[in-house]
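Report on one structure; see the data block that follows.
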Amino acid sequence: MPHPSIERRDVPAVQVRGVSQLFMSAGESLNWALSDVDLDIAAGEFVCAIGPSGCGKTTLLNMIAGFIRPTKGQLYARGQAITGPGPDRGVVFQEYALFPWLTAQKNIEFGLKQQGVAKAQRQAYATELLRLTGLLHAGQRYPFELSGGMRQRVAVARALATRPGILLMDEPFAAIDALTRATLQEELLRIWQELGLSVFFITHNIDEAVFLAQRIVVMSPHPGRVRDIIDIPLPYPRRRDDPAFGAIYARIAQSFEKPVEPEKERLAA
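Under my numbering, the first residue of the sequence shown carries the number 573, and numbering increases by one thereafter.
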């Protein structure tokens, strides 16, 4: 299946440069959600971001997606400044966000139809994505007829419909039972490897991050900052009972126990 993710590997898929984000709370007080974040995601790389609630993980993902603009700094996708959403970046949310009146196949086709892709072509590609996500048998079912795991597979397939080179995933498996989650994690790795995608995946789960990622970005809150970036040298497929897996898990858990330096005064300037 042709896919743009096989393009140039010498240009980072994502570059985040000095990004800070200021929000105004309901009480009209200022809140820095992110502070001076720098991050590169290489072409074809799988990166997880992990951290407590309020550390700006979702804000960072929304910036990469082009949904919000940073207060300070700049973001790039394949060397081009990010100024808004684009078909080069697919997004999968924690909520399934499917149209309930459309079948699984029609949900996948929706973005292609909006782009004016011919009916036969979009049907053929949607069928291929159903195969890729193990849903060929369920293409004509509506979301209410699907389990949570199946609905999230449809959401992944829909995100891939525009052939993005970059897949952004905001805790996509958080609401799914443990057994189904483990299966979806394995399927995601297969899809990532088959398509050569660049993936930015948000999670609260250390085990999930170590199982999936080549690098893990550890974030701290108030405001959100990158406090550590940890390489995961384990080969795929990974085993959770591998002592090396456990050692990396422990290292990440310990990183949350490190004291956080006071915020720099310049941010308030």
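Cβ atoms here follow ideal geometry from the backbone N, Cα and C, with glycine treated the same way.
Predicted model, so just to flag it, every value in this text is computed and none were measured.
What's the C-alpha gap between residue i and residue j?
i	j	result
F772	A585	10 Å
V591	Q693	39 Å
H709	L606	43 Å
K691	E766	25 Å
I824	A615	24 Å
A822	R723	33 Å
G737	L684	16 Å
A785	L769	13 Å
S792	Q695	44 Å
V790	L633	14 Å
R799	K644	19 Å
E617	C627	22 Å
Terminal residues of the continuous alpha helix (DSSP H) containing residue i?
i	result
F783	778 to 784
I820	815 to 827
W764	750 to 767
Y648	That residue, Y648, is in no alpha helix (DSSP H); its beta strand (DSSP E) goes 644 to 649.
Q724	720 to 732
Between which two residues does the beta strand (DSSP E) carrying residue i extend?
i	result
F618	618 to 622
R797	797 to 803
T775	770 to 775
Among the candidates the options, whose CA atom is the shortest distance from the CA of residue i?
i	options	result
A698	G721, E717, R725, G720	R725
G711	N679, G616, A637	N679
T858	R730, R661, N603	This structure does not reach residue 858, given that the chain is present from 573 up to 841, and the question cannot be answered.
T775	L756, Q695, F745	F745
E743	D610, E700, Q666	Q666
A608	G651, P642, S601	For the sequence presented, residue 608 should be read as Asp rather than Ala. Minimum Cα distance to D608 is reached at P642.
By the 10 Å Cβ neighbour count, where 16 or more other Cβ atoms means buried, how is residue i classified, buried or exposed?
i	result
T655	exposed
Y668	buried
A733	buried
P809	exposed
Return helix, strand or coil for residue i, following the three-state DSSP convention.
i	result
Y674	Note on residue identity: the sequence assigns Leu, not Tyr, to residue 674. In the structure shown, L674 sits in coil (DSSP, three-state: anything other than H, G, I, E or B).
F665	coil
G787	Per the sequence shown, the amino acid found at residue 787 is Arg instead of Gly. R787 falls in the strand class under three-state DSSP.
R589	strand
E837	Below a pLDDT of 50, predicted positions are generally treated as unreliable, and E837, at 39, falls in that range; the measurement from the model is reported next regardless. In this structure, E837 counts as helix in the three-state DSSP scheme.
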